[in-house]
Amino acid sequence: MDLATGDPILKITAYLQQQQLAQFLETYGKIIGQNIPPFFLQTLMNLQFSNSLAVLKESPRNGSKKSSEGNGSMPSPTKRQTKTGKVDKRMIAKPVRRSEEENANKRIRTKKLSTAFDELKNCLPFEEGIRASQVSILKAATEYIGFLGAVLAGDTEEEVNYQERLLQDMESAKTSRLNS
Numbered sequence: 003m004d005l006a007t008g009d010p011i012l013k014i015t016a017y018l019q020q021q022q023l024a025q026f027l028e029t030y031g032k033i034i035g036q037n038i039p040p041f042f043l044q045t046l047m048n049l050q051f052s053n054s055l056a057v058l059k060e061s062p063r064n065g066s067k068k069s070s071e072g073n074g075s076m077p078s079p080t081k082r083q084t085k086t087g088k089v090d091k092r093m094i095a096k097p098v099r100r101s102e103e104e105n106a107n108k109r110i111r112t113k114k115l116s117t118a119f120d121e122l123k124n125c126l127p128f129e130e131g132i133r134a135s136q137v138s139i140l141k142a143a144t145e146y147i148g149f150l151g152a153v154l155a156g157d158t159e160e161e162v163n164y165q166e167r168l169l170q171d172m173e174s175a176k177t178s179r180l181n182s
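Sequential numbering of the sequence shown, starting at 3, is according to the working numbering.
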């Protein structure tokens, strides 16, 4: 867009486009802020579950010859005996199986998040065909929002600083995806 002509309609149009983009990025920032922490929490829970399954697979089964031969009175780590000597059934580790509905919901959430990142990336001045990670997209979006804010404020020095950081983030996104 050529703003050198001083046409006020072009200036107003450019200003409105920048406002719309800033509003769009703010909205997606909120969406991402709401969805990223639950995503990481779910990943952490999945890791803990897979680790507990690995422990269960390694622990000896009843009647196994590997069960603590030296100390027969020691209960297994997944069970606890009551005062009467019976095993407390609540303390037996049970593998938790996710239902198909939960898996489908997770796939839908992941797909929506992926689509949101694609839309956010399309709003940023990335080169065509560049595959950027979600973290790179968020970093570039942050710098781009700062750049647009500096443009709106008329702060040339900040504008240059944000532009340099934005270009650096976009270049690192390009090289990091090429290396992987």
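For every residue, glycine included, the Cβ atom is placed at its ideal position computed from N, Cα and C. Computed from a prediction, not measured in an experiment: that's the story for all the values here.
Asked	Found
7 angstroms Cβ shell around residue 67 - same chain, five flanking residues per side excluded	Note on residue 67: pLDDT 45, under 50, position unreliable in the model; the coordinate value appears next. The answer is none, since no qualifying residue turns up.
beta-carbon residue 26 near the ligand GDP non-hydrogen atom, thresh 8 angstroms	As far as ligands go, the structure on display features none, and thus does not contain the ligand GDP.
Residue 132 and residue 175 closer than 9 angstroms at C-beta	yes
Own chain partners of residue 86 with C-beta closer than 7 angstroms, once the 5 adjacent residues on each side are dropped	none
N- and C-terminal bounds of the alpha helix (DSSP H) containing residue 151	136-155
Beta-carbon spacing of residue 147, residue 27 below 9 angstroms	yes
Residue 155 vs residue 142 beta-carbon contact at 9 angstroms	no
Length of the line joining the Cα atoms of residue 160 and residue 11	26 angstroms
Span of the alpha helix (DSSP H) around residue 129	Per DSSP, residue 129 belongs to no alpha helix (DSSP H) and is neither H nor E.
Residue burial classification, residue 101 (beta-carbon count within 10 angstroms, cutoff 16)	exposed
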